[in-house]
Amino acid sequence: MTTASIALDHRGVSPDAHPGSKSATLGADSIAHRTPADSGQDARRRTGDDRTVATAASSFRALGTYVELRVAEVADSIDPTATARVEHLAREILAEVDATCSRFRVDSDLTRANRAAGTWVEVSPILVGMVQAALWAAGETDGLVDPCLGELLVAAGYDRTFAELQSTTEPTQLPAQRDRSAWRDLHVAPGRIRVPHGSALDLGAVGKGYAADLVALSIIERYAVPAVISVGGDVRVAEVPGIPMSWPVRIAPDLAALGDDAVAADIDLTTGAIATSSITARRWVRGGTQWHHVIDPRTARPTGGRWRSVTALAPSCAAANTYATAGLVLGEQAVPWFAAQGIPARLVGADGGIVTSPAWEFGVGERDTVMGGRAC
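Below is the structure:
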């Protein structure tokens with residue numbers, strides 16, 4: 015399987031692109047609350063040009079998280095075999111992503127490359143593409159989103175899947191010194207990568223988003239049907255030219271907050287992607303210190319608690335994830351950074367207050383009107 019061409023930069027996003035996101039649910043009759051047995055035809059609606067479409071939904075688990083998929087056809091009813099084929103394709107791609115890019119699998123290409131840090135290692139095209147996306151993320155954020163934080167996360171106890179992770183009183187043995195520019199020595203070539211000596215890759219800042227991008231672009235290439243996919247709440251639209259679609263999405267800092275109208279928002283996603291980075295879900299205690307999975311590479315410690323979550327819009331999910339993670343790392347400086355970069359972003363503070371960037375305020379159609387940086 016080859017990787018698709020994934021647009022990363024936020025520039026060129028249509029001002030009327032409407033996002034939706036993590037945690038995120040798709041539609042008022044959200045498939046996040048369905049079981050796999052509920053999959054199948056569930057709704058009839060209309061395209062942007064008023065043609066009748068049928069939609070079908072399915073949900074399953076992959077990459078250690080939940081996956082939601084909604085497929086549409088311009089018809090009065092949807093072909094269930096078509097939906098099954100699209101879901102099979104999504105499962106196949108996500109399984110390959112897990113097999114090659116997981117930091118927690120001893121047999122993955124990523125694990126092999128980390129073990130052989132300092133030397134070139136032959137890897138799958140998917141991992142090459144994901145590392146390229148991670149390098150773009152590091153360059154775009156001047157190292158705030160750093161793919162070479164694997165050794166810090168392992169030292170902090172995040173050396174297994176989060177479902178297996180346990181809090182412990184064992185002390186955290188962090189490196190005495192760390193080269194913040196190590197990511198600049200991460201090299202990629204066709205079919206191979208070279209991890210910097212003394213470093214280990216963790217691709218969590220782009221991983222699920224990149225996987226969602228691969229699925230969406232593969233659906234378009236293989237079946238040419240409109241669809242939307244959420245991988246752990248990171249949402250990407252599969253757009254088909256000539257069939258304008260609007261996908262209702264509810265965004266919130268985490269799953270527990272989906273029903274909290276004070277911090278959640280309902281948005282229509284028509285193009286591109288939306289992703290949320292949050293510090294509320296993946297947390298653990300080691301050596302008396304509370305950790306979460308978003309590390310500030312400047313301090314080698316978890317990011318501060320200014321923001322509970324940051325949501326960002328971009329043409330690709332990998333880029334949206336990059337911007338959302340950078341927002342958490344930047345803390346108070348995230349607001350002027352998003353404004354200067356022209357990135358649509360929505361930030362939920364630790365106190366529940368909501369701040370939005372100018373690009374979000376004027377380009378995003380929240381159903382609860384956003385004014386003055388606050389949800390009203």
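My numbering numbers the first residue of the sequence shown as 15 and each following residue consecutively. Note that CB positions come from ideal geometry on N, CA and C, so glycine has one too.
Check residue i in the structure and name its three-state DSSP category.
i, result
"ARG126", "helix"
"ASP93", "coil"
"PRO240", "coil"
"ALA68", "strand"
"LEU231", "helix"
"LEU141", "helix"
"PRO316", "strand"
"ALA226", "helix"
"ARG194", "coil"
"GLY153", "helix"
"PRO358", "coil"
"GLY221", "helix"
"GLY345", "helix"
"GLU87", "strand"
"VAL100", "helix"
"ALA76", "strand"
State yes or no: is the C-beta of residue i within less than 8 angstroms of the C-beta of residue j?
i, j, result
"LEU103", "LEU149", "no"
"VAL229", "ARG84", "no"
"ALA332", "ASP227", "yes"
"VAL369", "VAL349", "yes"
"ALA287", "VAL249", "yes"
"SER232", "ILE92", "no"
"TRP197", "GLY132", "no"
"GLU87", "VAL251", "no"
"GLU253", "THR285", "yes"
"ALA279", "ALA326", "no"
According to the neighbour-count rule (16 or more other Cβ atoms, all chains shown, within 10 Å of its Cβ), is residue i buried or exposed?
i, result
"ARG117", "buried"
"GLY356", "exposed"
"GLU82", "buried"
"ALA109", "exposed"
"VAL120", "exposed"
"LEU342", "buried"
"SER330", "buried"
"GLU165", "buried"
"SER244", "buried"
"ARG360", "buried"
"PRO311", "buried"
"THR97", "buried"
For residue i, I'd like the list of residues in its chain whose CB is within less than 6 angstroms of its CB, leaving aside the five on either flank, ordered along the chain.
i, result
"THR79", "GLY246"
"TYR224", "MET144, ALA147, ALA332"
"LEU163", "ASP216, ILE309"
"ALA89", "ALA68"
"LEU167", "ASP216"
"GLY26", "Residue placement at GLY26 is flagged as unreliable, the pLDDT there being 34, under the threshold of 50; a coordinate-derived value is accordingly withheld."
Cutting at 8 angstroms between CB atoms, please list the residues of its own chain near residue i, excluding the five before and the five after it.
i, result
"GLY345", "THR317, GLY318, ARG320, TRP321"
"ARG105", "PHE74, ALA76"
"LEU124", "THR114, CYS115, SER116, ARG117, VAL137, LEU141, LEU215, LEU217"
Cutting at 7 angstroms between CB atoms, please list the residues of its own chain near residue i, excluding the five before and the five after it.
i, result
"GLU154", "THR336"
"SER122", "ALA113, THR114, CYS115, SER116"
"THR339", "VAL159, ALA219, SER291, VAL308"
"GLU136", "GLY205, ARG206"
"ALA373", "GLY356, ILE357, PRO358"
At least 3 beta-carbon pairs within less than 8 angstroms: the region 213-222 vs the region 120-128: yes
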